[in-house]
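See below for the structure under consideration.
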Amino acid sequence: MKAATLRAWSWVHKWSSLVSTVFLLLLCITGLPLIFHEEIEHAFEPAPQATGEFVAGTQAGEAPSLDSVVAHALQQARGGHVNFVLIQREESLVQVGTSPSRQPSPDESRTHLYDLHTGAVLQAPSAGDDGFMDVMLRLHTDLYMGLGGTLFLGFMGLLVAVAVVSGVLLYAPFMSKLPFGTVRHDHARRTRWLDMHNLLGIGTVVWLTVVSLTGTINTLEVPLGHLWRNNDLAAMRQRHAGAPPAQAFASLHQVLAAARETAPKSQVDSIIFPGMKISGPRHHLVILRGDKPATRQLVQVMLVDAESGRVSDHASMPWYVQALSMSQPLHFGDYGGIPLKVLWAVLTLTSIAVLGSGLYLWLTKPSKARIKSRAPIDDIRSGDLRP
Numbered sequence: 242m243k244a245a246t247l248r249a250w251s252w253v254h255k256w257s258s259l260v261s262t263v264f265l266l267l268l269c270i271t272g273l274p275l276i277f278h279e280e281i282e283h284a285f286e287p288a289p290q291a292t293g294e295f296v297a298g299t300q301a302g303e304a305p306s307l308d309s310v311v312a313h314a315l316q317q318a319r320g321g322h323v324n325f326v327l328i329q330r331e332e333s334l335v336q337v338g339t340s341p342s343r344q345p346s347p348d349e350s351r352t353h354l355y356d357l358h359t360g361a362v363l364q365a366p367s368a369g370d371d372g373f374m375d376v377m378l379r380l381h382t383d384l385y386m387g388l389g390g391t392l393f394l395g396f397m398g399l400l401v402a403v404a405v406v407s408g409v410l411l412y413a414p415f416m417s418k419l420p421f422g423t424v425r426h427d428h429a430r431r432t433r434w435l436d437m438h439n440l441l442g443i444g445t446v447v448w449l450t451v452v453s454l455t456g457t458i459n460t461l462e463v464p465l466g467h468l469w470r471n472n473d474l475a476a477m478r479q480r481h482a483g484a485p486p487a488q489a490f491a492s493l494h495q496v497l498a499a500a501r502e503t504a505p506k507s508q509v510d511s512i513i514f515p516g517m518k519i520s521g522p523r524h525h526l527v528i529l530r531g532d533k534p535a536t537r538q539l540v541q542v543m544l545v546d547a548e549s550g551r552v553s554d555h556a557s558m559p560w561y562v563q564a565l566s567m568s569q570p571l572h573f574g575d576y577g578g579i580p581l582k583v584l585w586a587v588l589t590l591t592s593i594a595v596l597g598s599g600l601y602l603w604l605t606k607p608s609k610a611r612i613k614s615r616a617p618i619d620d621i622r623s624g625d626l627r628p
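Those letters in the sequence shown? Residues 242 to 628, by this note's numbering.
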């Protein structure tokens, strides 16, 4: 590699690393508990409490029908409108949203909670101040700065990927001269730290690249959601714009049966009722996910005629929404249960060690070496450079 090329890669690696290091440390520290967010929440956060009431018509040992759950929610709300039904299979919960009007204020909306398998009516824990996991999530996703903070962290994720790739291109040709895993204990302290830094860095290079890129994709959730609603979903609704508003609704049993027949390898995740802005006046908007762990993030949407219970339109999510859906669990190691989460945690701790050693090597670098134009090239060739 030519000296000019080495200088260029050295400059790219140095500044992409320095600019992103503090934020990557923050993301690693806050991301560590988020890897186990489900386990932590189940262990320490209060669970919904049973009220002792059950959905009418539920037989002992039988799961209630969604129609009976919705009827109970409307009874509790003393009429009004159903806005959505959300099925949370992993938590064994059903949420039903109701309001007195189709365009309610936030104070008018009400959420009813039920056990998916027993029909027990549940009372959600009262919302309090942000707990530990809420603080970790906000710091990890937007730094309490809203969308601007989210997009800023996405840019930091890109810088991390640049730092990783440039580090590999910069050091791989020279580290190949040493046996893999070599730590030169008989050399100076900085050389030992450099060897440890490079060894740990090689162990995390693929993971850190994947996590930084999936994290960057995740920061685009709000813009991509707006893009999907304003383009793909709007076009789907527009194809049925002339249909009159629904007057009498078919049963949700019919809606679910039609959805499963159209997408047999999927499970219904949520149903948005007619009258909502996202669904239109005539149709249920049904959102489905794959019924296997490997296909869970593959999302499809349907417009189901609320009166007839038949599917009017059906489409898979566009590629950019699918990429977003698949990147979210991959970012936190949610695909493989506890073993993958433990691996993610170990790699996170290793990355913290890489970042800490990199900062140490930069801070302890002799000041003269920082300003000599030949220093980066000489240090690389001698195996003693780390910005």
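C-beta: ideal position from N, C-alpha, C; glycine also.
Item: Can you tell me whether residue 355 is helix, strand or coil according to DSSP?; Value: strand
Item: Just how far apart, CA to CA, sit residue 329 and residue 336?; Value: 8 Å
Item: Measuring straight from C-alpha to C-alpha, what distance separates residue 282 and residue 589?; Value: 20 Å
Item: Ends of the alpha helix (DSSP H) at residue 530?; Value: Taken as a continuous stretch (DSSP letters only), residue 530 belongs to no alpha helix (DSSP H), being part of the beta strand (DSSP E) at 524-531.
Item: List the endpoints of the continuous beta strand (DSSP E) containing residue 638.; Value: A question about residue 638 goes unanswered here, because the residues of the chain that appear run from 242 up to 628.
Item: Per DSSP, what kind of secondary structure is residue 444 in: helix, strand or coil?; Value: helix
Item: If you run the structure through DSSP and keep just helix, strand and coil, what is residue 500?; Value: helix
Item: Counting only runs that start and end within the region 243-276, where is the alpha helix (DSSP H) found for 4 or more residues in a row?; Value: 244-276
Item: Count the other CB atoms, across all protein chains shown, that sit within 10 Å of the CB of residue 520; report buried if there are 16 or more and exposed otherwise.; Value: buried
Item: Got a sec, what are the start and stop residues for the beta strand (DSSP E) residue 322 sits in?; Value: 322-329
Item: I'd like the list of long-range same chain contacts for residue 564, defined as Cβ closer than 8 Å, with 5 residues on each side in sequence excluded.; Value: 458
Item: Are at least three pairs of beta-carbons, each pair with one atom in the region 352-365 and one in the region 278-292, less than 8 Å apart?; Value: yes
Item: Would you kindly check if the distance between the Cβ of residue 568 and the Cβ of residue 401 is under 8 Å?; Value: no
Item: Look at the alpha carbon of residue 246 and the alpha carbon of residue 599, and state the distance between them as a whole number of angstroms.; Value: 22 Å
Item: Under 8 Å, with one C-beta from each stretch per pair, do the region 518-536 and the region 478-487 reach the 3-pair mark?; Value: yes
Item: Would the region 535-544 count as touching the region 495-504 if we require 3 or more Cβ pairs under 8 Å?; Value: yes
Item: Are the region 505-513 and the region 527-534 touching by the rule of at least three beta carbon pairs closer than 8 Å?; Value: yes
Item: Rounded to whole angstroms, what's the CA-CA distance from residue 269 to residue 321? Just pull it up for me.; Value: 46 Å
Item: Provide the residue(s) that pair with residue 509 in DSSP beta bridges, ordered along the chain.; Value: 529
Item: On a CA-only basis, which of 549, 493, 473 and 257 is nearest residue 555? Give me that one, please.; Value: 473
Item: Just grab the DSSP bridge partners of residue 552 for me.; Value: 545
Item: So the candidates are 365, 549, 514 and 326; which of them puts its Cα closest to the Cα of residue 286?; Value: 365
Item: My assumption, with CB atoms under 8 Å, is that residue 278 sits in contact with residue 374. Please give the rounded CB distance.; Value: 6 Å
Item: Taking Cβ positions only, does residue 468 come closer than 8 Å to chain C?; Value: Looking for chain C here will not work: only one protein chain is present.
Item: Which of helix, strand or coil does DSSP assign to residue 495?; Value: helix
Item: In the DSSP assignment, find the unbroken alpha helix (DSSP H) run with residue 361 in it and report its ends.; Value: Premise fails: residue 361 lies in the beta strand (DSSP E), 361-364, not in any alpha helix (DSSP H).
Item: Grab me the residues of residue 438's own chain with a C-beta within less than 7 Å of its C-beta, minus the 5 sequence neighbours each way, in chain order.; Value: 595, 598, 599, 602 and 627
Item: To the nearest angstrom, report how far apart residue 396 and residue 444 are at their CA atoms.; Value: 24 Å
Item: So, under 8 Å CB-CB, residue 304 and residue 357 are touching, yes? Tell me the CB distance rounded to an integer number of Å.; Value: 7 Å
Item: What do you get for residue 251, buried or exposed, if any count of 16 or more other CB atoms within 10 angstroms of its CB means buried?; Value: buried
Item: Decide if residue 470 is buried, meaning its Cβ has at least 16 other Cβ atoms within 10 Å, or exposed.; Value: exposed
Item: Does DSSP put residue 339 in a helix, a strand or coil?; Value: strand
Item: Determine, using beta carbons only, whether residue 351 and residue 297 come nearer to each other than 8 Å.; Value: no
Item: Does residue 539 come out as helix, strand or coil in the three-state DSSP assignment?; Value: coil
Item: Have a look at residue 536 and residue 566 and give me their C-alpha separation to the nearest angstrom.; Value: 11 Å
Item: Do residue 405 and residue 450 count as a contact pair if the criterion is CB distance below 8 Å?; Value: yes
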